[in-house]
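Under this note's numbering, residues 1 to 115 are what the first sequence spells out, in order. A virtual CB, placed ideally from N, CA and C, is assigned to each residue, including glycine. Quantities reported herein were computed from a predicted structural model and do not represent experimental measurements. Heads up: the structure comes next, in structure tokens.
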Amino acid sequence: MRQERIVSMTLPSDTYQRIYAVVAQVPRGKVATYGQIARMADMPRHARLVGYALHALATVNRLPWHRVVNAQGMISERGDGGAAAQKQRRRLEREGVRFNARGVIPLKQYLWQPD
DNA sequence: CTAGTGACTGTTT
DNA sequence: AAAACAGCCACTA
């Protein structure tokens with residue numbers, strides 16, 4: 001018995017849907033930045049909105065939300081003491097993404113670069 | 001309606 | 001190198 005959960009008790013806006021559609025395309029073992037997702041969703045300079053949209057995601061979803069990191073190649077903090085960030089890092093490492101000693105993902109190697 | 005906030009980012013101090 | 005600033009705009013109260 002599986003059930004879909006509604007986001008924020010409301011229907012997702014078109015804006016969020018566009019963002020989610022791009023996030024869904026990020027391949028396993030690669031990462032994308034918030035700004036990159038915004039550009040690909042045809043919303044340049046709306047990086048913050050991408051973060052907001054991901055924050056609004058239901059706890060259960062099929063999106064590879066963990067593949068979205070900031071422009072520095074680091075996992076953005078959530079203000080929850082680091083629990084979510086740790087979970088995100090574990091998910092990335094499980095699919096082969098390596099972090100350096102400073103907790104940074106070398107974007108030269110892992111940034112998603114679609115043709 | 002206004003004001004505050006935020007999983008951001010590029011530029012300027 | 002690090003911090004501050006300035007844009008950006010959906011969402012909430």
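Less than 8 Å between the beta carbons of residue i and residue j, yes or no?
i: Leu-107; j: Lys-30; result: no
i: Val-23; j: Leu-63; result: yes
i: His-55; j: Gln-88; result: no
i: Gly-51; j: Ser-76; result: yes
i: Gly-103; j: Ala-71; result: no
Which same chain residues, not among the five before or five after residue i, have their C-beta less than 6 Å away from its C-beta?
i: Ala-53; result: Tyr-16 and Ile-19
i: Glu-4; result: Residue confidence for Glu-4 is low, a pLDDT of 35 falling below 50, so the modelled location carries little weight; the figure read from the coordinates is stated next. Once the five neighbours on either side are set aside, Glu-4 has no close Cβ partner at all.
i: Val-26; result: Ala-32, Pro-64, Arg-67 and Trp-112
i: Ala-124; result: Residue 124 falls outside the range modelled here, since the chain spans only 1 to 115, and no answer is possible.
So what does residue i bridge to, in DSSP terms?
i: Val-68; result: Ala-32
i: Leu-111; result: Val-31
Tell me which residues share the same chain as residue i and place their Cβ nearer than 7 Å to its Cβ, disregarding the 5 neighbours each side in the sequence.
i: Met-1; result: Because the pLDDT of Met-1 is 37, which lies under 50, any placement of that residue in the model is unreliable, and the number read from its coordinates should be weighed accordingly. Cβ neighbours of Met-1 beyond the five flanking positions: none.
i: Ile-105; result: Val-31, Val-69, Gly-73, Val-97 and Phe-99
i: Asn-61; result: none
i: Arg-78; result: Ala-84 and Ala-85
i: Ile-37; result: Ile-19, Val-22, Val-23, Val-50 and Val-68
Going by beta carbon distance, what residues of the same chain come within less than 8 Å of residue i, once the five residues before and after it are set aside?
i: Met-9; result: With a pLDDT of only 39 at Met-9, under 50, the local geometry of the prediction cannot be trusted, and the value read off the model is given with reservation. If we look at Met-9 and ignore the five residues flanking it on each side, it has no Cβ neighbours.
In terms of alpha-carbon separation, which member of the options lies closest to residue i?
i: Arg-28; options: Phe-99, Arg-91 and Asn-100; result: Arg-91
i: Asp-42; options: Ala-21, Val-26 and Leu-57; result: Ala-21
Secondary structure, alpha helix (DSSP H): runs of 4+ residues fully inside the segment 75-112: 83-94 and 107-110
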